[in-house]
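Engineer: Pasting a structure below so you can have a look.
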Ligand SMILES: [Zn+2]
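In our numbering, the protein residues as written are 1052 to 1105.
Written out as structure tokens, the structure reads:
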């Protein structure tokens, strides 16, 4: 069980990590609109690349 890798669908890819990082930076800079942008982009990316839009 513990040796089982995460399902491929939810495995973070480079784009996920970049959006994650950018959102963290935006939050640190209290840039609310940019933070929202990152969240929207990631949502869109998840739906398109990871099939997690439902
Ligand atoms: Zn991704």
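Beta carbons are placed, not taken as given, at the ideal position from N, Cα and C, and that holds for glycine.
#1: Any chance you could list the residues with Cβ under 7 Å from a heavy atom of ligand 1, keeping chain order?
#2: Does residue 1102 come out as helix, strand or coil in the three-state DSSP assignment?
#3: Exposed or buried, which one is residue 1068 when buried takes at least 16 other CB atoms within 10 Å?
#4: Distance check for residue 1099 and residue 1071, CA to CA, integer angstroms please.
Structural biologist: A quick look at the data gives this:
#1: 1063, 1064, 1066, 1067, 1096, 1097, 1100, 1101
#2: coil
#3: exposed
#4: 17 Å
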